[in-house]
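Contents: one structure, followed by commentary.
There are 2 protein chains.
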Amino acid sequence: MDELGRKTPGDFKSAEKFPLVLVLDNIRSMMNIGSVFRTADAFLLKQIVLCGITAQPPHREIHKTALGATESMDWVYFSSTTEALQQLKQQGYVVIALEQTTQSISLKEFTPEKGKKYALVFGNEVKGVDEKVLELCDLSIEIPQFGTKHSFNISVTAGIAIWDFFSKLSS
Amino acid sequence: MDELGRKTPGDFKSAEKFPLVLVLDNIRSMMNIGSVFRTADAFLLKQIVLCGITAQPPHREIHKTALGATESMDWVYFSSTTEALQQLKQQGYVVIALEQTTQSISLKEFTPEKGKKYALVFGNEVKGVDEKVLELCDLSIEIPQFGTKHSFNISVTAGIAIWDFFSKLSS
Chain A
1 MDELGRKTPG DFKSAEKFPL VLVLDNIRSM MNIGSVFRTA DAFLLKQIVL CGITAQPPHR
61 EIHKTALGAT ESMDWVYFSS TTEALQQLKQ QGYVVIALEQ TTQSISLKEF TPEKGKKYAL
121 VFGNEVKGVD EKVLELCDLS IEIPQFGTKH SFNISVTAGI AIWDFFSKLS S
Chain P
172 MDELGRKTPG DFKSAEKFPL VLVLDNIRSM MNIGSVFRTA DAFLLKQIVL CGITAQPPHR
232 EIHKTALGAT ESMDWVYFSS TTEALQQLKQ QGYVVIALEQ TTQSISLKEF TPEKGKKYAL
292 VFGNEVKGVD EKVLELCDLS IEIPQFGTKH SFNISVTAGI AIWDFFSKLS S
């Protein structure tokens, strides 16, 4: 018995998942990819969709921050992000870009609905979510920012968004 | 005029801050330190307190993830974390460890009070928040976790905690 109640990868696979899929659109940093795996594992997310140049596990650099979460978390790879989104939309997912756009709404104002399935799209560290990918998204959400920078580390953005969805949907 | 409304470091210094201080207790990874600076900048936090082995800017490795946020964010260094906390408590801060302990309460259940000042303590990547440091904290808060791992990347923990305080205090 694990006193912290940690699941084995086997327990994890059979556990009911939180209805959230993360789409990584051309993420360059392996540390970011690994860190997203670790956070996704913690919240029992359904799947991570790795797209384009986003590296796939197993990889030593991903492992450094994933620390084994690539064993538990379900993931798939698509060379084309738009293809990945088309498939998710066919499966009934509401597809949301985490991106500042002229139409994006604040994460604070967005209320996810229970019973719906959501896919959150995170873009490249420099270029953000690709224009063509944005066109396929049902909406864009931004995290309000007040400082000298206007972007977060992508693993931090993912952590904040996942936590926000989790706390709103489980309240 | 910056169309994203980004502040210059000068604007930042004179802006009213969000009443939150972050204490980094012996953080090993420079990438984590830099990433915390960047998130703290985004939410206009009051100060970052670097303690013990936590590296201080300027440093090339911190800059890689801070991307300039070390210029805007106010920070101080204490060799002793307990000394830093004693000073914060004298200044009226409620000091909270982000740590799983037998007494920790879930972040979801915690409601910060408007008008109070909070200091959040983040511990070493491997050892967590030191026992002696925990004794000085007013309470411990944990982020609920359901997967095979039971810890987050520290910059993700900080992002989640800051966002949670921000959204609860600004609602």
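As they're listed, the protein sequences go chains A and P.
Under this note's numbering, the first residue of the first sequence is numbered 1, with each subsequent residue one higher.
Under this note's numbering, the first residue of the second sequence is numbered 172, with each subsequent residue one higher.
We treat Cβ as the ideally placed atom computed from N, Cα and C, and that holds for glycine.
Self-check item: Every unbroken alpha helix (DSSP H) within the stretch 249-297 of chain P, with a cutoff of 4 residues, ordered by chain
Solution: 252-261
Quiz item: With 16 other CB atoms within 10 Å as the buried threshold, where does ARG60 (chain A) fall?
Solution: With fewer than 16 other Cβ atoms within 10 Å, it is exposed.
Practice problem: With a 10 Å radius around its C-beta and 16 neighbouring C-beta atoms as the bar for buried, classify GLY10 (chain A) as buried or exposed. | Solution: exposed
Quiz item: Are the CB atoms of TRP246 (chain P) and ILE219 (chain P) nearer to each other than 7 angstroms?
Solution: yes
Quiz prompt | DSSP-derived helix/strand/coil call for VAL36 (chain A) | solution = helix
Quiz item: To which residues does DSSP link CYS51 (chain A) through a beta bridge?
Solution: A:ASP25, A:PHE78
Quiz prompt | Range covered by the alpha helix (DSSP H) that runs through SER176 (chain A) | solution = A query on residue 176 (chain A) cannot be resolved here, the shown segment of chain A reaching from 1 to 171 and no further.
Practice problem: Please check the pair LEU85 (chain A) and VAL94 (chain A), which I expect to be a contact at CB under 8 angstroms, by giving their CB distance rounded to whole angstroms. | Solution: The Cβ separation is near 11 angstroms, so there is no contact.
Quiz item: Just by C-beta distance, which residues in the stretch 115-149 of chain A are closer than 9 angstroms to chain B?
Solution: In the structure shown, chain B cannot be found, because the protein chains are A and P.
Practice problem: Pull up the DSSP beta-bridge partners for GLY299 (chain P), would you. | Solution: For GLY299 (chain P), which the question treats as bridged, DSSP gives the partners P:ASN295.
Quiz item: Does any residue of chain A bring its CB to less than 7 angstroms from the CB of GLY263 (chain P)?
Solution: With a threshold of 7 angstroms between beta carbons, GLY263 (chain P) makes no contact with chain A.
Practice problem: Rank P:GLN316, P:GLY286, P:SER326, P:LYS320 by C-alpha distance to the C-alpha of VAL292 (chain P) and give the top, closest one. | Solution: Here the closest residue by C-alpha is P:SER326.
Quiz item: Under a three-way DSSP split, which group does LEU310 (chain P) fall into?
Solution: strand
Quiz item: By Cβ distance, which residues of its chain are closer than 6 angstroms to VAL36 (chain A), with the 5 residues on each side in sequence left out?
Solution: Here the set comprises SER155, ALA158.
Self-check item: Classification of GLY5 (chain A) by the beta-carbon crowding that lies within 10 angstroms, buried from 16 upward
Solution: exposed
Quiz item: Can a CB atom of chain P be found closer than 7 angstroms to the CB of LEU4 (chain A)?
Solution: yes
Practice problem: Report the rounded CA-to-CA distance for GLY294 (chain P) versus LEU45 (chain A), giving the unit in angstroms. | Solution: 26 angstroms
Quiz item: VAL327 (chain P) CB to nearest chain A CB: under 7 angstroms?
Solution: yes
Self-check item: Coarse secondary structure for MET172 (chain P), derived from DSSP in three states
Solution: With a pLDDT of 42 at MET172 (chain P), under the threshold of 50, the modelled position of that residue is not reliable, and no figure is offered here.
Self-check item: Close beta carbons around LEU134 (chain A), own chain, < 6 angstroms, minus the five adjacent residues each side
Solution: Within the same chain, LEU134 (chain A) has close Cβ partners ALA97.
Quiz item: Cβ atoms of GLN91 (chain A) and ALA213 (chain P): under 7 angstroms apart, would you say?
Solution: It is not a contact, given that the beta carbons lie outside the stated cut-off.
Quiz prompt | Local conformation of LEU134 (chain A) per DSSP, three classes | solution = helix
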